[in-house]
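Reading through the structure tokens given below for one structure.
2 protein chains.
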Amino acid sequence: MKQKIVVALGGNALGNSPDEQLKLVKETAKPIVDLIQEGHQVILAHGNGPQVGMINLGMETASKSVAATPEMPFPECGAMSQGYIGYHLQNAIREELLNREMTMPVATVVTQVIVDKDDQAFKNPTKPIGAFYSKDEALKLQAEKGFDMVEDAGRGWRRVVPSPIPVDVAEKTTVKTLVDNGHVVITVGGGGIPVVQEGNRLIGVPAVIDKDFASGKMAEILDADYLIILTAVEQVAINYGKADEKWLSTLSIDEAEQYMNEGHFAPGSMLPKVKAAVTFAKSKPGRKALITSLERAKEGIQGKTGTVIMVQ
Amino acid sequence: MKQKIVVALGGNALGNSPDEQLKLVKETAKPIVDLIQEGHQVILAHGNGPQVGMINLGMETASKSVAATPEMPFPECGAMSQGYIGYHLQNAIREELLNREMTMPVATVVTQVIVDKDDQAFKNPTKPIGAFYSKDEALKLQAEKGFDMVEDAGRGWRRVVPSPIPVDVAEKTTVKTLVDNGHVVITVGGGGIPVVQEGNRLIGVPAVIDKDFASGKMAEILDADYLIILTAVEQVAINYGKADEKWLSTLSIDEAEQYMNEGHFAPGSMLPKVKAAVTFAKSKPGRKALITSLERAKEGIQGKTGTVIMVQ
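Protein sequence lines correspond, in order, to chains A and B. Counting in the numbering used here, the first sequence runs from 1 upward without gaps. Counting in the numbering used here, the second sequence runs from 313 upward without gaps.
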């Protein structure tokens with residue numbers, strides 16, 4: 001049965017340099033195109049942690065010594081990363097489609113995700129971005145620019161930004177129009193460029209929206225059947241790495257919430273994925289989330305592997 | 313009468329920093345939205361000279377001192393500039409539309425423009441990009457990376473890249489679908505990310521496609537009625553800056569070709585604009601090109617000002 005599927009790809013799967021990314025996206029394209037070849041409608045979302053970090057650090061470094069390179073705010077760096085990643089990703093998918101004699105268009109939409117300016121996350125920035133600094137430099141940045149700076153695990157001081165939850169996608173009509181017309185769309189890159197709404201204006205804010213939450217929001221908006229969250233493992237486990245480790249084929253909402261409360265899933269790793277999966281699965285009867293590895297995505301949709309999260 | 317219009321905006325009109333750009337796009341949005349309010353379908357193209365230069369220089373500078381920031385190839389910098397400029401431009405237009413109670417979606421499509429790998433331009437790179445170098449550094453880059461380096465008007469040595477003519481737009485179906493569905497689309501930013509086709513693969517090449525030519529190609533593909541090329545002056549002039557200077561309201565193809573041959577238009581300035589205008593006007597009966605200033609675009613379409621280039 002033909003399904004509408006939002007696939008969330010990890011930013012770490014894209015590599016740390018343009019050369020690495022060009023190679024990795026070729027591998028990434030194959031299982032994605034497998035899904036398309038099965039007849040599914042695929043919308044592709046992706047992370048951008050290493051890439052936006054690289055761009056931010058690059059522009060920040062250059063701004064200190066070169067007058068012609070101004071400092072680049074974080075939302076603008078996110079917009080750049082969407083162009084950079086989308087360009088490679090759309091080409092790899094296009095080529096893989098053509099290799100299989102499929103001619104549907106592939107395109108990247110520069111996408112902004114709207115967050116609530118009263119989101120509690122703005123009072124508690126937690127997401128480290130950009131360069132490492134000495135304590136003196138950090139305190140100077142804090143005083144001069146109002147950045148929130150924290151000491152990061154003995155490696156130096158870093159800026160932290162909030163991670164608010166996604167409320168809406170500014171370019172949702174564009175994405176929907178393209179999906180309805182059979183295009184493969186790359187969207188909400190890096191969780192989307194974070195913006196708040198003030199009247200008719202969208203204003204970029206220094207923040208990182210979790211790409212799994214943004215993908216789930218996009219999947220809700222598009223009325224997708226599936227949200228696939230790709231990760232390094234084939235299934236979700238409880239008691240992960242312990243003697244009584246147990247891999248899960250299905251996970252009800254109640255079980256997922258119980259396991260989250262019991263601390264089975266690592267924050268910043270499996271926890272946000274399970275949370276995003278639960279949020280999507282609860283949003284409407286029949287919606288399913290699947291957590292699996294990139295390589296297993298096709299078999300996951302066929303019910304052969306992965307962890308399916310759904311209302312039971 | 314409702315017209316389909318591709319508007320080509322100069323990269324210089326966008327400013328040299330994110331702050332400048334944010335301010336300038338607000339002014340840019342007004343005359344663009346004037347056209348939309350008149351009932352026209354508007355497709356927006358833009359240059360990226362200062363912006364891609366800034367990004368390229370920033371990443372290049374940082375790559376010399378910071379291991380985590382690799383060198384960024386020129387096409388990837390172009391993709392970044394599309395995200396960066398598109399993000400600001402789409403927001404400014406969206407806000408101006410909403411201020412006038414118009415709700416059509418606005419979106420930026422990451423756009424690649426296909427060039428011919430046998431284009432003669434590849435044998436004669438002329439377009440300077442990126443940083444200035446000493447002669448020794450320049451010769452080293454030439455030897456190590458195969459860059460073409462030239463001495464630039466006494467200011468130092470710079471890399472030059474070819475400026476091939478656009479053959480096709482990879483994302484044309486996406487742009488067409490959105491335009492047909494009433495979206496305002498920002499596309500072929502900076503003349504598009506330059507790519508050559510090898511079998512099913514698109515490969516980025518270090519080159520700069522003239523944004524007026526790319527806009528004209530996009531206008532041909534979309535079967536637009538008008539190509540508007542925005543510039544600093546309200547009309548095209550012959551004998552520009554001389555005693556017998558003459559501003560032109562219309563320009564036939566024959567006249568345009570004669571004036572080009574007579575050297576009336578400055579290379580790198582008015583000449584490519586007139587050339588792109590002629591190419592579009594000749595491509596199909598009824599197609600018109602208009603060269604005018606941003607502020608006069610609406611009156612230009614109404615026939616009140618600007619220089620109209622058409623088959624007569």
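From the three backbone atoms N, C-alpha and C, an ideal C-beta is built for every residue, glycine too.
Euclidean distance between Cα positions of G322(B) and M530(B): Within the second sequence, numbered from 1, the residue matching residue 322(B) stands at position 10. Within the second sequence, numbered from 1, the residue matching residue 530(B) stands at position 218. Approximately 16 Å, taken between the alpha carbons.
Unbroken stretches of the beta strand (DSSP E), 3 residues or longer, contained in the stretch 152–193 of chain A: 157–161, 166–169 and 184–187
Chain B residues whose Cβ lies nearer than 9 Å to that of I193(A): What you label residue 193(A) is simply residue 193 of the first sequence in a count that begins at 1. G395 and Y399, listed in chain order.
N155(A) burial status per 10 Å Cβ neighbour count (16 or more: buried): To locate residue 155(A), count along the first sequence from 1; it is residue 155. With the sequence shown as reference, residue 155(A) is identified as Arg, and Asn is not the correct amino acid for it. Classification for R155(A): exposed.
Bounding residues of the alpha helix (DSSP H) (the contiguous stretch that carries H400(B)): Within the second sequence, the letter at position 88 stands for residue 400(B). Per DSSP, H400(B) belongs to the alpha helix (DSSP H) from F386 to N411.
Residue-level contact to chain B via CB, M54(A), 9 Å cutoff: One-based indexing of the first sequence puts residue 54(A) at position 54. Closer than 9 Å to some Cβ of chain B, the Cβ of M54(A) qualifies, so yes.
V481(B) at chain A interface by Cβ criterion, 9 Å: Within the second sequence, the letter at position 169 stands for residue 481(B). Chain A places no beta carbon closer than 9 Å to that of V481(B), leaving this residue out of the contacts.
Range of the contiguous alpha helix (DSSP H) that encloses M54(A): By one-based count along the first sequence, residue 54(A) stands at place 54. Looking at the DSSP string, the run of the alpha helix (DSSP H) that includes M54(A) is G49 to S65.
With 16 other Cβ atoms within 10 Å as the buried cut-off, status of A536(B): For the purposes of this step, residue 536(B) is identified with residue 224 of the second sequence, where counting begins at 1. Burial call: buried.
Bounding residues of the beta strand (DSSP E) (the contiguous stretch that carries A357(B)): Sequence index remark: in the second sequence, residue 357(B) carries index 45 (1-based). Q353 to H358 is the span of the beta strand (DSSP E), which, as asked, contains A357(B).
Straight-line Cα distance separating D480(B) from D210(A): Translated into the one-based positions of the first sequence, residue 210(A) becomes position 210. Translated into the one-based positions of the second sequence, residue 480(B) becomes position 168. About 36 Å.
Own chain residues within Cβ distance below 7 Å of K484(B), not counting five before or after: Your numbering for residue 484(B) matches position 172 in the second sequence. Contacts found: I533.
Proximity of V354(B) and T423(B) at Cβ, strictly below 9 Å: If you number the second sequence from 1, residue 354(B) lands on position 42. If you number the second sequence from 1, residue 423(B) lands on position 111. Taking 9 Å as the Cβ cut-off, V354(B) and T423(B) do not qualify as a contacting pair.
Span separating the alpha-carbon of E101(A) from that of V33(A): Your numbering for residue 101(A) matches position 101 in the first sequence. Your numbering for residue 33(A) matches position 33 in the first sequence. Approximately 11 Å between the Cα atoms of the pair.
Q112(A), DSSP secondary structure in three states: In the first sequence, residue 112(A) corresponds to position 112, counting from 1. Annotated three-state conformation of Q112(A) is strand, per DSSP.
Inter-stretch contact at 8 Å, needing at least 3 Cβ pairs: the stretch 566–575 of chain B / the stretch 499–511 of chain B: Judged by pairs of C-beta atoms under 8 Å, the stretch 566–575 of chain B does not touch the stretch 499–511 of chain B, as fewer than three such pairs exist.
Secondary structure, alpha helix (DSSP H): runs of 4+ residues fully inside the stretch 198–286 of chain A: Counting only runs of 4 or more, we get 211–221, 253–261 and 270–282.
Where the beta strand (DSSP E) through T604(B) begins and ends: Translated into the one-based positions of the second sequence, residue 604(B) becomes position 292. Here the beta strand (DSSP E) through T604(B) covers K600 to S605.
Span of the alpha helix (DSSP H) around T617(B): Here residue 617(B) is taken as the residue at index 305 of the second sequence, counted from 1. It is not in any alpha helix (DSSP H) - T617(B) carries neither H nor E in the DSSP assignment.
Pair within 9 Å by beta-carbon distance, S215(A) and A45(A): Residue 215(A) sits at position 215 when you count from the first residue of the first sequence. Residue 45(A) sits at position 45 when you count from the first residue of the first sequence. Their beta carbons are under 9 Å apart, which means S215(A) touches A45(A) by this criterion.
Chain B contact for Q90(A) (CB, 9 Å cutoff): Here residue 90(A) refers to the residue found at position 90 of the first sequence. Judged by the 9 Å Cβ criterion, Q90(A) is in contact with chain B.
Cα-Cα separation, A555(B) to A419(B): Working through the second sequence from its first residue, we reach residue 555(B) at position 243. Working through the second sequence from its first residue, we reach residue 419(B) at position 107. Approximately 46 Å between the Cα atoms of the pair.
The stretch 265–284 of chain A / the stretch 329–349 of chain B touching (three or more Cβ pairs under 8 Å): no
Simplified DSSP state of K338(B), which is helix, strand or coil: Along the second sequence, one-based indexing puts residue 338(B) at 26. Looking at K338(B) - three-state DSSP - the assignment turns out to be helix.
Close-in-space but distant-in-sequence residues of the same chain around P362(B) (CB under 8 Å, 5 per side omitted): Locating residue 362(B) in the second sequence gives position 50, counting from the first residue. Once the five neighbours on either side are set aside, the close Cβ partners of P362(B) are G323, N324, L326, G327 and N328.
Per-residue burial, L347(B) [other beta carbons within 10 Å of its own, 16 or more giving buried]: Along the second sequence, read from residue 1 onward, the residue named residue 347(B) stands at position 35. Answer is buried; the Cβ neighbour count reaches 16.
K452(B), enclosing alpha helix (DSSP H) - first and last residue: Here the question's residue 452(B) lines up with position 140 in the second sequence. Unbroken alpha helix (DSSP H) run through K452(B): K447 to K457.
Beta-carbon proximity list for I55(A), same chain, < 8 Å, skipping 5 on both sides: Within the first sequence, residue 55(A) is the residue found at index 55, counting from 1. Once the five neighbours on either side are set aside, the close Cβ partners of I55(A) are M72, C77, M80, S81 and Y84.
Where V161(A) meets chain B, residues with beta-carbon distance less than 7 Å: Position 161 of the first sequence holds residue 161(A). Counting only Cβ-Cβ distances below 7 Å, V161(A) has no contacts in chain B at all, with the closest Cβ about 17 Å away.
Contacts around P518(B), its chain only, beta-carbon distance under 6 Å, and the 5 residues preceding and following it disregarded: Here residue 518(B) is taken as the residue at index 206 of the second sequence, counted from 1. F386 and V473.
Local Cβ density within 10 Å of I515(B), reported as buried at 16 or more and exposed below that: Your numbering for residue 515(B) matches position 203 in the second sequence. Burial call: exposed.
Identity of the residue in N551(B), D448(B), V421(B) and R471(B) nearest F459(B) by Cα: By 1-based counting over the second sequence, the position of residue 459(B) is 147. Among N551(B), D448(B), V421(B) and R471(B), the Cα nearest to that of F459(B) belongs to R471(B).
Cβ of D431(B) within 9 Å of any chain A Cβ: Taking the first residue of the second sequence as position 1, residue 431(B) is located at position 119. No, its Cβ sits nowhere closer than 9 Å to a Cβ of chain A.
Pairwise C-alpha distance: A341(B) and L334(B): Working through the second sequence from its first residue, we reach residue 334(B) at position 22. Working through the second sequence from its first residue, we reach residue 341(B) at position 29. Each residue's alpha carbon lies about 11 Å from the other.
Helix, strand or coil at K4(A) [DSSP, three-state]: Stepping through the first sequence from its first residue, residue 4(A) is reached at position 4. K4(A): strand per DSSP, three-state reduction.
Short CB-CB distance (under 9 Å) between H46(A) and chain E: The structure shown contains no chain E; its protein chains are A and B.
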